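To start, the structure under review is shown below, and the notes come after it.
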């Protein structure tokens, strides 16, 4: 499958990332597609994903703090707002429907694979700057978009999950984030950014984050 | 004037801050109250305030990044959102009405007093934690609320400005921020937080930030 | 084995950490003690440890940046200096003796378990403050001290490694770090800090970091 | 006077900074040169400089935390170490000789101009990355070097101060820092970095920091 059109940087970074296919075609993802993923694994994933979302919202807030233009601050702020006031309450509802109440969610012990990815993202942002944060966030935001598109129409027990990421709203978000990233690169590094050493460092961040996403799916499969 | 009811921490910190009166009764403020403040000074203040608001939004975004509970993240996120998507566009409009267009705003050179306060706030947040950030932000958020209340009904050329901060929405925000701060202290330091060394450090942050706010008004008066 | 005397906070946090024994008695550690650890596993560990040391030095540098007293800044600075100018060149030498040259070291791909622990430490420091950083660093610094003491005199192929951590210098460092932590707690939270909610959060950090250290040994064992 | 040879970036940034002459030829500096600066102003400066040095050491520690190569971490670490273990104790001694004891130093209230510069530097580092930090630190480190060279041999009551910055050691440090900056730019942005938008942002940081240095001298003159 060719890359969805989420901008130039995504297209480049994706091509330079050996683990991209292992991430987007992980057995966990295939289990979502075919419906063969056991419920227990999905619920384990959902609980970890709640913790993930908290740190993900924090990472987007850090992006707003590190934005260098009003447009960057506004875009990042809108994402935090959507995560904290829409996605997370929705996630709590979905979990409740599956029999995981708020107290159980809060009591979830964070899995090492979850720590690895979320703290890598946050630390990229704290130690580096806005671009480092974007490169570390991109595999998650845009990878889920690509997975959603590929799994679209699969039906089965995980159709709701698939439709969320295949849907119009999420795909629009992916295109917006792609635009934000390309604009941020242009603003800082100019039109020939891909030829600079910095481009290699950012691609590395994207690749490392992708490897950690593979670990996140694997955690779901291993129930650890 | 007694402290408005913006919570326990505000009340305590305010009482321990020698410069509080110099800040809230600064000649610039008195000029807003009586209407004697020259227009040029107000416009200079407005231009600097635009830059201030950018860094202020960034500081609240940092607070969201450093929040330890979903409620803290949500509260900080809502403030960033209001600043970036409501306050700042409104500020741009007000400036336009006064003949300062967007290009002029963007071209404003940041005054040293502006740098001093905004970077003190941000650095408090980066080097310390959520509480340090709150203590450094509080003189601005809550001080403007107190000034608004005191100047309420003054009329004159600055009535719009006064009514913004005296108004129902802003006073509600002040009470919410007061509640956020008291809750954050309780969550981290327990009910007897005021007796801990940390309380003295936070009060110091509030006092230093207040001194820098005095400098911000003075900048408006000196047109530098 | 009772806790070595590395101060009050260590003693408390250690007792509250279920994974402490799994960390300090991990099969990798037992393999070092009995000499049964295959060389390949040790070399894998050494290569990852080089990357670890870089981030560890960065974490101590962050501690210096976040120190609130001259003594804290000096203590953290001396540790960075020792890591960057003594430990790391020494590590490069040891690796060279084992046939891993500098280029091979630099080319090592960071293992997920390495990312998890190092980024957790750094992010604790960036998002929290000095105390959070100390709580996240402590399992490594002081745990290696405890392991060194327990393995002291074991002999065998890993005697050099054991003697480094059992030795006078490293044990002195552990006591100094314990004193630094206890002093930092007293300076911020007063003598009854253990009764505050913050104490629970810090103990949690120590416990999470310990779980990630278990993962680090396991990485050495699994050669992944 | 032409720029001393502290590397390419310094030479470029210096040329693009209108306030450079106002900084390096400030009346305070001229008072040091001719000996006409009143003692009280020098002592006021010395007391503020003590607080400055603490934050300066913290900023270099942050640079070590943000270094991307072992060489960057080592260079920054050596600077922190020199500041915390040599410069600061020396500064305390000098102050003591002038009748300002350690307690008086600690009790000094930080002047707003001091807050402005130090927090600008630290926040540049936290919000941006290593390069932003270097651009904000450079006017201080390298400007003092240039001033020292220009004032060399002036004699008078401030000869000790002048000789410190004109001396072999400090001039060597300036060349090393210049090399560190040029290397960091090359490592991240490649040989044509000066043509990138990022170059403009960094030059802006250098210029803003220079304006804040002017304010620091002015504080010494105004005794505020």
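Chains as they are written, first to last, in the working numbering: chain A, 95 to 318; chain B, 95 to 318; chain C, 95 to 318; chain D, 95 to 318.
For each residue, glycine too, the CB sits at the ideal point set by N, CA and C.
Note that the structure is predicted; figures quoted are calculated from it, not measured.
Residues of the stretch 170-182 of chain B with a Cβ closer than 9 Å to any Cβ of chain A, in chain order: 170, 171, 172, 174, 175, 177, 178, 179, 182. Annotation for residue 126/B: 245, 252, 255, 256 place their beta carbon closer than 7 Å to its own, counting only its chain and skipping 5 residues before and after. Rounded to whole angstroms, the gap between the alpha carbons of residue 115/C and residue 307/D is 54 Å.
For the set 267/D, 158/D, 132/D, 119/D, the Cα lying nearest the Cα of residue 219/D is the one of 158/D.
Straight through space, the alpha carbons of residue 100/A and residue 152/D are spaced by roughly 40 Å.
Residue environment for residue 187/D: exposed (fewer than 16 other C-beta atoms within 10 angstroms of its C-beta). The beta-carbon of residue 230/A is placed no less than 8 Å from the nearest beta-carbon of chain B.
Under the Cβ criterion of 8 Å, residue 221/B is counted among the residues facing chain D. For residue 177/D, no alpha helix (DSSP H) run applies, since DSSP gives it neither H nor E. Residue 282/C is outside the set of residues whose beta carbon lies under 8 Å from a beta carbon in chain A. For residue 97/D, the secondary structure class from DSSP, reduced to helix, strand or coil, is coil.
For residue 216/D, the enclosing alpha helix (DSSP H) starts and ends at 206-221. Taken through DSSP and simplified to helix, strand or coil, residue 105/C comes out as helix. The C-beta separation of residue 315/D from residue 121/D comes to about 6 Å, placing the pair in contact by the 8 Å criterion. The beta carbons of residue 113/B and residue 104/B sit no closer together than 8 Å. For residue 246/C, the three-state secondary structure derived from DSSP is coil. Under the three-state reduction of DSSP output, residue 253/B falls in the helix class. DSSP, read as helix, strand or coil, puts residue 194/C in coil. Taking 7 Å as the Cβ-Cβ cut-off, the stretch 235-258 of chain D has no residue approaching chain C. Nearest C-alpha to residue 278/C among 176/C, 142/C, 293/C, 110/C: 293/C. Using a CB distance below 9 Å, the part of the stretch 136-161 of chain D facing chain A consists of 159, 160, ordered along the chain.
Taking a C-beta cut-off of 7 Å against chain A, the contacting residues of the stretch 286-312 of chain D are 290, 291, 292, listed in chain order. In terms of beta-carbon proximity, residue 315/C stays away from the interface with chain A, with every pair separated by 8 Å or more. Taking C-beta separations shorter than 7 Å and ignoring five residues to either side along the sequence, the partners of residue 260/B in its chain run 242, 243, 245, 246, following chain order. Straight through space, the alpha carbons of residue 212/C and residue 276/D are spaced by roughly 29 Å. At a cut-off of 8 Å, the C-beta of residue 194/A has no neighbouring C-beta in chain B.
For residue 154/B, the uninterrupted alpha helix (DSSP H) segment begins and ends at 133-160. One thing to note: residue 303/D has its Cβ no nearer than 8 Å to the Cβ of residue 174/D. Put simply, the CB of residue 217/A is near chain C, with a gap under 8 Å to one of its CB atoms. A direct Cα-Cα distance of roughly 38 Å separates residue 131/C from residue 166/C. Only those residues of the stretch 186-213 of chain B whose C-beta falls short of 8 Å from the nearest C-beta of chain A would be listed, and there are none. Linking residue 235/B to residue 268/B through their CA atoms gives a straight-line distance of about 7 Å.
The alpha-carbon separation between residue 237/C and residue 273/D amounts to approximately 39 Å. Spanning the alpha carbons of residue 141/C and residue 199/C requires a straight line of approximately 6 Å.
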